[in-house]
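Enquirer: Below: one structure in structure tokens.
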Amino acid sequence: MNKWNLFNWKLQRKTRDVFSSYETREKFKYIKGSVFAIVLGLIIAGIIIAAQNVNPFVYLRELFNVSFSSLFVEQTFQWLAIYIVVGLAVGLGFKSGIFNIGVSGQMLLGAGISIIYYRLAVGDNHAMHAGDIIVVFLICLFSGAFLAGIAGALKALFNIHEVVTTIMLNWTIWYLLKFLFTKYQSLTGAGISTSASMPSDQLAINGSSIAIPLIIAFICLVLVAFLLTKTVFGYKLKAVGSSPNAAKYAGFNVKAKIVESMLISGGLAGIASFVNVLTLNPNISFTVDNLPAIGYDAIAISLVAFNNPIGIFFTSFLWGILQSGGAGTASLFNMSNQTSSLIFGIIVYFAAISVVFINYYPILKLKINLASVSSRTTREQVHKLWSERQKIIKIRWSLRPGLDVQNYTQAMKEEKRLLKLSYQQGVEKISYQEYKKQVQAINQQIRAYVRDYRKNLREVDKKLGQAIKTVKKDNYIQRLTLAKQGIKRRERLLLRISDQNALGHLEEVKATYIGIQDYLKQEAHNYHHWLKTQLEPIKAEYQQKVYEIEAWYEGKSGDLTHYWTWFNLSIETKGEIKKQKIKTKNKVESLRTDYRLNKSAIRRDKTLGGAEKQQALAKLKTAITDQITALKEAGQAVIEQQQALAVNAKTNYQKAKNNVQVKAKLKTMQKSYLHKLDSAKETYQKKVAALKEANETRRHQFDKTTSQGQIAAMQGFVSTYDNYKNQLKNQQVYSGIYLNQLAEKITLMWVDLQTINHDSFFTAQDTRVSFYIKKRIYQWLAKEEKWVEESKIAYHNLDETREIKVDTKRIMTTYKQSLVLFSEDYKTEKQQIMNNKDLNHQTKGLMLNENERTYSERLQTYILDLEAKTRSRSFLESEVK
């Protein structure tokens, strides 16, 4: 198998494994939800358009024609670029659990400061240089990030909801900019309540402003997608968005991640502002107090795309078309300019209920209904269950109670009548209150019975509805369809298992190849830096020895002078003092809390007069003050005691340090310390000198003649292998046998090459050139072995795939033949019964029913056998995995 075919096979298997994985299937569900939302939105919008006597298909065609006409095409792609970036800004916030509704304000702030910079630093009607454009980009980027960071910090530190803060910041920025651009004439534009304008052609290349905005948008798209899917930081953001409590339990800094996600989201909004202010909207109009709608469109785009960067691209494309060509297309048909906004709203509404579409399978439901209609037995069962359910529904919603309720109510009324009669006649000597209680108990029994009866009716109705669904799904036609799908599913599962095994073996081969490459790199490093490599462990040993000597000296001297006693006691004293202060503070706070409670109780006590309350409050205050003073004094006494212990320990340390005998011992110990250091250094220097001498000896061992002979022998083995490989290829040996023989040859060659080098990869006689040549030979051999092993795996997988498909085809053929045989037998028997004139109508009906029953039993038996074959335990376990 050549390299291209091997690469193609790997790509096919990896692609099939990715698309058959559980994660991909889940993502396709969300894609289905978005597509259904857009399609149904367009259908409803089409109905509304048709109600205005306009063909919706003609409207959509003209919408695309207008959007991509020479007049609007540049504007369409500019909207696409802006919507991509703002959609990413909102989507990244949603992924992190943050609702950044302040994109409009973040874009406004960047645009406003950029216009002020242009008017004051560059000058009106002056072209911007590259440096000015970079400054404007940085202004927009950091302005958006700063404003979003404020909302993120408030959310993280004070738990103030970001929706509230971002909306307030939106209007704060709006009115601040409105004040600046309407107050100062130098910043005002030509229009009424309009800011000065930026040049709108600064991102143009050859007169077209399409390329640079799209490049910026795609860079942002790739960076955000990479951040969310391939980085630890992106994983932490998604973890915080999914469950902040779980992320906090896992050790993530949730507050920091909230602020960081808002900073990135605001930065993206600033980039969108940069593109917007230099292309579509070079100024800001304050005529009407309405925030720019781009920020709110971004929320819709992100919702429809389920916050997926790829989905945001396609949704932005649709939004850009509607935004660019909507008004022009509406004017062609004399329709309202808000038609595109109407389509926006309908699509967003369906996106909000897209969870219905995610779990909706219309084709499967259609198959179930068709199968239930096609089966006579199923129709009869469904009709019977449906009739029973209609009776239950009729009783439930009838104004008259059911027969059971009427009988029970009548019996209870009779019991009440007898109770009343016995009470009036004095048969039972009970009071009127007891009589009323018994009547109320009977009434409660009646109400409880009716309530339970209606509850049971609801349960029966629910069970009958579920039974109807089960019968529809469980009919033999549907089960045959599922069995046929089981055959295909069996094939897919077997192919997936085969592919996963092959990919697993490929990873093992790759790991072996990388291991050989790493070993060769390490050997090359050791060869070229032999002295440095050998010195590293000796140097580490010397440093460890020095550390141990210093630790010994510090420990002995500290014990001798009582330094460690003072050091440890000072640390303990600081801890005890801090502990005592906290303890005293808590007790004082507790006393003050008790004082406030007692004070409030005295003031609310109505039994006391004004003077008595004042006297009680003064007495309470004096008692609390005395207790607090006593607590503080006790705490201060403990602190002073601890400080005295520390001072005493320090005094003992200084006395021992100045003691003559201790000084003499320290001097002796210091001599021993220096002696040990000198001894360790001398040992280290001797080992270094021995290594340098060994290195010189090693250099003298280089033998060019010997190494060239070894290389010649190795190259001879390589030539022999190439000749053997070409010989097998010329003999047209079957690929599997061919690869097995090559693998055996490579295994023998590894042994031969190591034998030449004295059971190693390299020898001491190798010069730099010979070492390099040997390394290249080993690398070639490792790469050749990798190719052979991967080719073996590929051929084995292809053989398995072929066998699985042949086996599936055989089972499918048997399945079809069996169905044809069953159907022919059934039709033949039915025709014979119908053509038999000796039978009356009733007998024919009985025989036809018996024939239907026999046919159904045969099908049921066949289905059970087929299901057992196609869904065995091993396949079920594989499917679960």
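Take the sequence shown: its letter number 606 is residue 766 in the numbering used here, and every next letter is one higher.
C-beta atoms are modelled at their ideal positions from N, C-alpha and C, and glycine is treated no differently.
Remember, it's a predicted structure, so these values are computed and weren't measured experimentally.
#1: Could you tell me the boundaries of the alpha helix (DSSP H) in which residue 884 lies?
#2: From residue 636 to residue 994, what distance separates their C-alpha atoms?
#3: For residue 636, which three-state DSSP category applies?
#4: If you drop the 5 nearest sequence neighbours on each side, which residues of the same chain put their C-beta closer than 7 Å to that of residue 905?
#5: Name the two residues that bound the continuous alpha helix (DSSP H) containing residue 477.
#6: For residue 614 and residue 575, what's the separation of their Cα atoms in angstroms?
#7: Note down the Cα distance separating residue 489 from residue 238, rounded to an integer number of angstroms.
#8: Identify which residue in 458, 766, 320, 929 has its Cα closest to the Cα of residue 864.
#9: Would you list the one or two residues that DSSP bridges to residue 355?
#10: In or out: residue 384 buried (at least 16 other Cβ within 10 Å) or exposed?
#11: Does the beta-carbon of residue 376 have 16 or more other beta-carbons within 10 angstroms, so that it is buried, or is it exposed?
#12: With 16 other CB atoms within 10 Å as the buried threshold, where does residue 209 fall?
#13: State the DSSP-derived secondary structure class of residue 591, mapped to helix, strand or coil.
#14: Per DSSP, which residues does residue 320 bridge with? Please list them.
#15: Compute the Euclidean distance between the alpha carbons of residue 732 and residue 720, then round it to the nearest angstrom.
#16: According to DSSP, is residue 365 helix, strand or coil?
#17: Can you tell me the Cβ-Cβ gap for residue 430 and residue 330, rounded? I've got them flagged as a contact below 8 Å.
#18: Under the rule that 16 or more other beta-carbon atoms within 10 Å means buried, what is residue 165, buried or exposed?
#19: Any idea what DSSP makes of residue 462, helix, strand or coil?
#20: Measuring CB atoms only, is the stretch 833–843 touching the stretch 895–902, in the sense that at least three cross pairs come out at less than 8 Å?
#21: Nearest-angstrom Cα distance between residue 580 and residue 595?
#22: In angstroms, rounded to a whole number, what distance separates the CA positions of residue 663 and residue 235?
#23: Label residue 659 either buried or exposed according to how many other C-beta atoms from any shown protein chain fall within 10 Å of its C-beta, with 16 as the threshold for buried.
#24: Run through DSSP, which three-state label would residue 180 get?
#25: Can you give me the C-alpha to C-alpha distance between residue 408 and residue 315, rounded to a whole angstrom?
#26: Hey, could you find the ends of the alpha helix (DSSP H) residue 805 is sitting in?
#27: Cβ of residue 904 less than 8 Å from any chain C Cβ?
#28: Under a three-way DSSP split, which group does residue 360 fall into?
#29: Mind listing, in chain order, the continuous alpha helix (DSSP H) runs of no fewer than 4 residues lying wholly within the stretch 945–1003?
#30: Tell me the rounded alpha-carbon separation between residue 482 and residue 499.
#31: If you run the structure through DSSP and keep just helix, strand and coil, what is residue 172?
#32: By the 10 Å Cβ neighbour count, where 16 or more other Cβ atoms means buried, how is residue 765 classified, buried or exposed?
#33: Name the residue from 772, 870, 192, 730 whose alpha carbon lies nearest to the alpha carbon of residue 813.
#34: Have a look at 274, 175, 412 and flag the residue whose alpha-carbon is nearest the alpha-carbon of residue 656.
Expert: Well, looking at it:
#1: Sequence index remark: in the sequence shown, residue 884 carries index 724 (1-based). Residue 884 -> alpha helix (DSSP H) spans 864–890.
#2: Reading the sequence shown from its first residue, position 476 is the one you call residue 636. Reading the sequence shown from its first residue, position 834 is the one you call residue 994. Confidence at residue 636 is low in this model, with a pLDDT of 49, below 50, so its placement is unreliable and the value that follows should be read with caution. Their Cα atoms are separated by approximately 24 Å.
#3: Along the sequence shown, read from residue 1 onward, the residue named residue 636 stands at position 476. Caution applies to residue 636, whose pLDDT of 49 falls short of 50 and renders its modelled position unreliable; the value that the coordinates give is listed next. In this structure, residue 636 counts as helix in the three-state DSSP scheme.
#4: As a first step, residue 905 must be located in the sequence shown, where it is residue number 745. Correct list, in chain order: 881, 884.
#5: Within the sequence shown, residue 477 is the residue found at index 317, counting from 1. Segment 469–492, the alpha helix (DSSP H) holding residue 477.
#6: Mapped onto the sequence shown, residue 614 falls at position 454. Mapped onto the sequence shown, residue 575 falls at position 415. Between residue 614 and residue 575, the C-alpha separation is close to 23 Å.
#7: Mapped onto the sequence shown, residue 489 falls at position 329. Mapped onto the sequence shown, residue 238 falls at position 78. Rounded to whole angstroms, residue 489 to residue 238 spans 18 Å at the Cα level.
#8: Sequence index remark: in the sequence shown, residue 864 carries index 704 (1-based). Comparing Cα positions, the closest option is 929.
#9: Residue 355 sits at position 195 when you count from the first residue of the sequence shown. Note: residue 355 sits in a beta bridge opposite 348.
#10: Locating residue 384 in the sequence shown gives position 224, where the first residue counts as 1. Flag for residue 384 reads buried.
#11: For this step, residue 376 is matched to residue 216 along the sequence shown. With 16 or more other Cβ atoms within 10 Å, it is buried.
#12: Here residue 209 is taken as the residue at index 49 of the sequence shown, counted from 1. Burial call: buried.
#13: In the sequence shown, the residue the question calls residue 591 occupies position 431. Residue 591: coil per DSSP, three-state reduction.
#14: Against the sequence shown, residue 320 aligns to sequence position 160. Beta-bridge pairing links residue 320 to no other residue.
#15: Here residue 732 corresponds to residue number 572 of the sequence shown, with the count starting at 1. Here residue 720 corresponds to residue number 560 of the sequence shown, with the count starting at 1. The alpha-carbon atoms of residue 732 and residue 720 are separated by roughly 21 Å.
#16: Numbered from its first residue, the sequence shown carries residue 365 at position 205. DSSP places residue 365 in strand when its eight states are reduced to three.
#17: By 1-based counting over the sequence shown, the position of residue 430 is 270. By 1-based counting over the sequence shown, the position of residue 330 is 170. Wrong, their Cβ atoms sit about 15 Å apart, outside the cutoff.
#18: The residue you call residue 165 lines up with position 5 of the sequence shown. When all chains shown are included, residue 165 counts as exposed.
#19: Within the sequence shown, numbered from 1, the residue matching residue 462 stands at position 302. Residue 462: helix per DSSP, three-state reduction.
#20: no
#21: Mapped onto the sequence shown, residue 580 falls at position 420. Mapped onto the sequence shown, residue 595 falls at position 435. Rounded to whole angstroms, residue 580 to residue 595 spans 8 Å at the Cα level.
#22: As a position in the sequence shown, residue 663 is number 503, starting the count at 1. As a position in the sequence shown, residue 235 is number 75, starting the count at 1. Residue 663 and residue 235: Cα-Cα distance of roughly 47 Å.
#23: Counting from 1 along the sequence shown, the entry for residue 659 is found at position 499. It is buried - the Cβ of residue 659 has at least 16 other Cβ atoms within 10 Å.
#24: Counted from its first residue, the sequence shown places residue 180 at position 20. Correct three-state label for residue 180: coil.
#25: As a working note, residue 408 is residue 248 in the sequence shown. As a working note, residue 315 is residue 155 in the sequence shown. So the alpha carbons of these two residues sit roughly 16 Å apart.
#26: For the purposes of this step, residue 805 is identified with residue 645 of the sequence shown, where counting begins at 1. Segment 770–818, the alpha helix (DSSP H) holding residue 805.
#27: Note that chain C does not occur in the displayed structure, where there is just one protein chain.
#28: As a first step, residue 360 is located in the sequence shown; it is residue number 200 there, counting from the start. The answer is coil: DSSP assigns residue 360 none of H, G, I, E or B.
#29: Counting only runs of 4 or more, we get nothing.
#30: Taking the first residue of the sequence shown as 1, we reach residue 482 at position 322. Taking the first residue of the sequence shown as 1, we reach residue 499 at position 339. Distance between the alpha carbons of residue 482 and residue 499 is about 9 Å.
#31: Along the sequence shown, read from residue 1 onward, the residue named residue 172 stands at position 12. In this structure, residue 172 counts as helix in the three-state DSSP scheme.
#32: Start at 1 with the first residue of the sequence shown, and residue 765 comes out as number 605. Classification for residue 765: exposed.
#33: For this step, residue 813 is matched to residue 653 along the sequence shown. When only C-alpha atoms are compared, the closest one is 730.
#34: The residue labelled residue 656 in the question sits at position 496 within the sequence shown. Checking every option, the nearest Cα to that of residue 656 belongs to 175.
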